[in-house]
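Visitor:
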Amino acid sequence: MKEGVERLTRFPMLIFEGALCMSGTGLSACRQHAIDCWVWLNRYRIPLLPMLFSGPLLFPHSEFVTQAPNYQLSQSDVDQFHEDGFLMIRDYFSRSEMERFSDIARCDREMLLNFPYTSLDAEGRPTKLFVWSKLRSDIYSAYARHEALVEPWDQLLGGQVTYFHHKMMMKEPNTLGAWEWHQDYGYYYEHYLRPDMGGVMITIDEASKTNGCLEVLRGSHRFGRVDHSRLGHQSEYETAADPDRVKVLLACCERVYCEMTPGTVLFFHANLLHHSGPNLSNSPRWALISNYTRTDNPPFAASPGWGENFETLSADQVQEAVKAYALRQTERDR
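Sequential numbering from 213 applies to the sequence shown in our numbering.
#1: Report the rounded CA-to-CA distance for L260 versus T476, giving the unit in angstroms.
#2: Identify every residue that forms a DSSP beta bridge with A527.
#3: For F327 and F313, which I take to be in contact (beta-carbon distance under 8 Å), what is that distance rounded to the nearest angstrom?
#4: Buried or exposed for D333, going by 16 or more other Cβ atoms inside 10 Å?
#5: Using the C-alpha atoms, what's the distance from Y355 back to Y256?
#6: Can you tell me which of R357, K383, Q531, A513 puts its alpha carbon nearest to the alpha carbon of E503?
#7: Going by DSSP in three states, T542 sits in which element: helix, strand or coil?
#8: Measuring alpha carbon to alpha carbon, tell me which of Q287, D291, F298 ends up nearest L478.
#9: So, does the region 391-398 touch the region 444-455, judging by three or more C-beta pairs under 8 Å?
#10: So, under 8 Å CB-CB, C470 and E427 are touching, yes? Tell me the CB distance rounded to an integer number of Å.
#11: What is the residue span of the alpha helix (DSSP H) that R312 lies within?
#12: For H377, collect the residues of the same chain with a Cβ closer than 7 Å to its Cβ; drop the 5 residues on either side in sequence, then sort them by chain order.
#13: With a threshold of 16 other CB atoms inside 10 Å of the CB of R321, please say whether the residue is buried or exposed.
#14: Can you tell me the Cα-Cα spacing of L443 and T507, whole angstroms?
#15: Quick check on the DSSP output: the alpha helix (DSSP H) that includes H175 runs from which residue to which?
#16: Between the Cα of S331 and the Cα atoms of Y399, E448, I416, F480, which residue gives the shortest distance?
#17: Per DSSP, what kind of secondary structure is R467 in: helix, strand or coil?
#18: For a minimum of 3 consecutive residues, which ranges assigned as the beta strand (DSSP E) are wholly contained in the region 337-413?
#19: Closer than 7 Å by C-beta to P385: which residues in its own chain qualify, once you throw out the five before and the five after it? Chain order, please.
#20: Identify whether Y329 lies in helix, strand or coil by the three-state DSSP scheme.
#21: M381 CB to nearest chain B CB: under 9 Å?
#22: Once you ignore the five residues that flank F305 on each side, which residues in its own chain have a CB closer than 6 Å to its CB?
#23: When the Cα of C465 is compared with those of E450, R544, L485, which residue comes out closest?
#24: Can you tell me whether Y504 is helix, strand or coil according to DSSP?
#25: Pairs of beta-carbons, one from the region 530-539 and one from the region 404-414, closer than 8 Å: are there three or more?
#26: Contact check, F480 vs G424 under 8 Å by CB: the rounded distance?
#27: For G336, which residues of its own chain have a beta-carbon under 6 Å away from its beta-carbon, when the five flanking residues on both sides are left out?
#28: Pair every Cβ in the region 285-293 with every Cβ in the region 362-380, then say whether three or more of these pairs are closer than 8 Å.
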């Protein structure tokens, strides 16, 4: 939040800075700075007009840091999610926050790209991921605990939720591996009774059609769970939705290409059909996905008290965890 405060207290200077930024590069920088400020203004529900007529000396830092962020979705957002099966929110996290996430994740590149398990599509082509089923003291788990991701799920699923796994998805440049059409509940059905579950994707690298962005079928979650099985040369733990039903649903549901900039988040229902193609570009596409289920929807083999000890982290606590992890990285890499 401190980073956001620094931006906010500089907001009144943007008009003056904009007048000075006459070159294309300068103008772009000012524009991005303004966007980041607007993101924080909206997140902390800080009125714009007092900012325009108050400098840092008249609007001290303490007035910002005492305000808690509001991650509550509007009723129209919730309704849209239930209608479409997904909800995309652009600029949910600032670009600079995602740049920092990217820098830290790239320092873990060797670890992340050498996960013991490699996903193979129906043609036997690989794509990289790293999966955690338990929370740890690192940047990835910190974001999985982030109240900005957890609180909206309480609204979207109509009850208290808990974590059950998270993963880094890493589509490297010029890789042919794809994800076949599937529902996440197609995987989870074996262990969970109800599809009161969902995932949220945080966009770390820009996602586009050329680098294999996620594709979803709008409203497909309302058709219920589709049978899943292994197709072609899919790897041991991969399954795909019944191709015949997918063909029918492709004809009656809108296909949405989720092209997203860093900081955009996508909440999606566990029964939403989705897939992604190969990355045919020279740019990587990395993203973090964290998955949640309602606390009254435990896995069949759950131990007593399952899900009760899941604690969320505030935005400030997440950033403190990020700093601590970055410091451990520095010490590790000396």
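Virtual Cβ for every residue (Gly too), placed ideally from N, Cα, C.
Since the model is a prediction, treat every value here as computed from it, not as a measurement.
Guide: Checking against the coordinates, here is how it stands:
#1: On the sequence shown, residue 260 is found 48 positions in, with the first residue counted as 1. On the sequence shown, residue 476 is found 264 positions in, with the first residue counted as 1. Bear in mind that a pLDDT of 45 at L260, under 50, signals an unreliable position, so the model cannot answer this.
#2: The sequence position of residue 527 within the sequence shown is 315, counting from 1. DSSP lists no partner for A527.
#3: Position 115 of the sequence shown holds residue 327. Position 101 of the sequence shown holds residue 313. Incorrect: roughly 18 Å between the Cβ atoms, too far for contact.
#4: Numbered from its first residue, the sequence shown carries residue 333 at position 121. Around the beta carbon of D333, 16 or more other beta carbons lie within 10 angstroms, which makes this residue buried.
#5: Here residue 256 is taken as the residue at index 44 of the sequence shown, counted from 1. Here residue 355 is taken as the residue at index 143 of the sequence shown, counted from 1. Caution is warranted here: a pLDDT of 43 is assigned to Y256, below 50, making its placement in the model unreliable, and the coordinate value is therefore given only provisionally. Y256 and Y355: Cα-Cα distance of roughly 19 Å.
#6: Locating residue 503 in the sequence shown gives position 291, where the first residue counts as 1. The sequence given here places Asn at residue 503; Glu does not occur at that position. Selected option, being the one with the closest Cα: R357.
#7: Working through the sequence shown from its first residue, we reach residue 542 at position 330. Residue state, collapsed to three classes: helix.
#8: One-based indexing of the sequence shown puts residue 478 at position 266. Of the candidates Q287, D291, F298, F298 places its Cα closest to the Cα of L478.
#9: A contact is defined here as three or more CB-CB pairs under 8 Å, and the region 391-398 meets this definition with respect to the region 444-455.
#10: Counting from one through the sequence shown, the residue named residue 470 turns up at place 258. Counting from one through the sequence shown, the residue named residue 427 turns up at place 215. 7 Å between Cβ atoms; contact.
#11: For the purposes of this step, residue 312 is identified with residue 100 of the sequence shown, where counting begins at 1. Note, R312: alpha helix (DSSP H), 307-319.
#12: Position 165 of the sequence shown holds residue 377. Excluding residues within five positions, the ones whose Cβ falls inside 7 Å are V343, W344, S345, N503.
#13: Stepping through the sequence shown from its first residue, residue 321 is reached at position 109. R321 comes out exposed.
#14: Sequence index remark: in the sequence shown, residue 443 carries index 231 (1-based). Sequence index remark: in the sequence shown, residue 507 carries index 295 (1-based). Going from the Cα of L443 to the Cα of T507 covers about 33 Å.
#15: With the chain covering only 213 through 546, there is no way to say anything about residue 175.
#16: Taking the sequence shown and counting its residues from 1, one reaches residue 331 at position 119. Per the Cα distances, E448.
#17: Taking the first residue of the sequence shown as 1, we reach residue 467 at position 255. In this structure, R467 counts as strand in the three-state DSSP scheme.
#18: Scanning the region 337-413 from its first residue to its last, the whole beta strand (DSSP E) runs of 3-plus residues come out as 338-344, 373-383, 391-394.
#19: Counted from its first residue, the sequence shown places residue 385 at position 173. The answer, listed in chain order, is N491, S493, N494, S495, P496.
#20: Locating residue 329 in the sequence shown gives position 117, where the first residue counts as 1. It is coil, neither helix nor strand.
#21: Any reference to chain B falls outside this structure, which holds one protein chain only.
#22: The residue labelled residue 305 in the question sits at position 93 within the sequence shown. Scanning its chain for C-beta atoms nearer than 6 Å, with the 5 sequence neighbours on each side dropped, one finds around F305 the residues G475, in chain order.
#23: For the purposes of this step, residue 465 is taken as the residue at position 253 of the sequence shown. Answer by Cα proximity: L485.
#24: Walking along the sequence shown from the start, residue 504 turns up at place 292. If DSSP states are grouped into helix, strand and coil, Y504 belongs with the strands.
#25: Counting C-beta pairs closer than 8 Å gives fewer than three between the region 530-539 and the region 404-414, which falls short of the contact rule.
#26: Working through the sequence shown from its first residue, we reach residue 480 at position 268. Working through the sequence shown from its first residue, we reach residue 424 at position 212. Rounded to the nearest angstrom, the Cβ distance from F480 to G424 is 17 Å, too far for a contact under 8 Å.
#27: One-based indexing of the sequence shown puts residue 336 at position 124. Cβ-Cβ distances below 6 Å link G336 to H445 in the same chain, with the five nearest sequence neighbours on each side left out; the list follows chain order.
#28: The region 285-293 vs the region 362-380: in contact.
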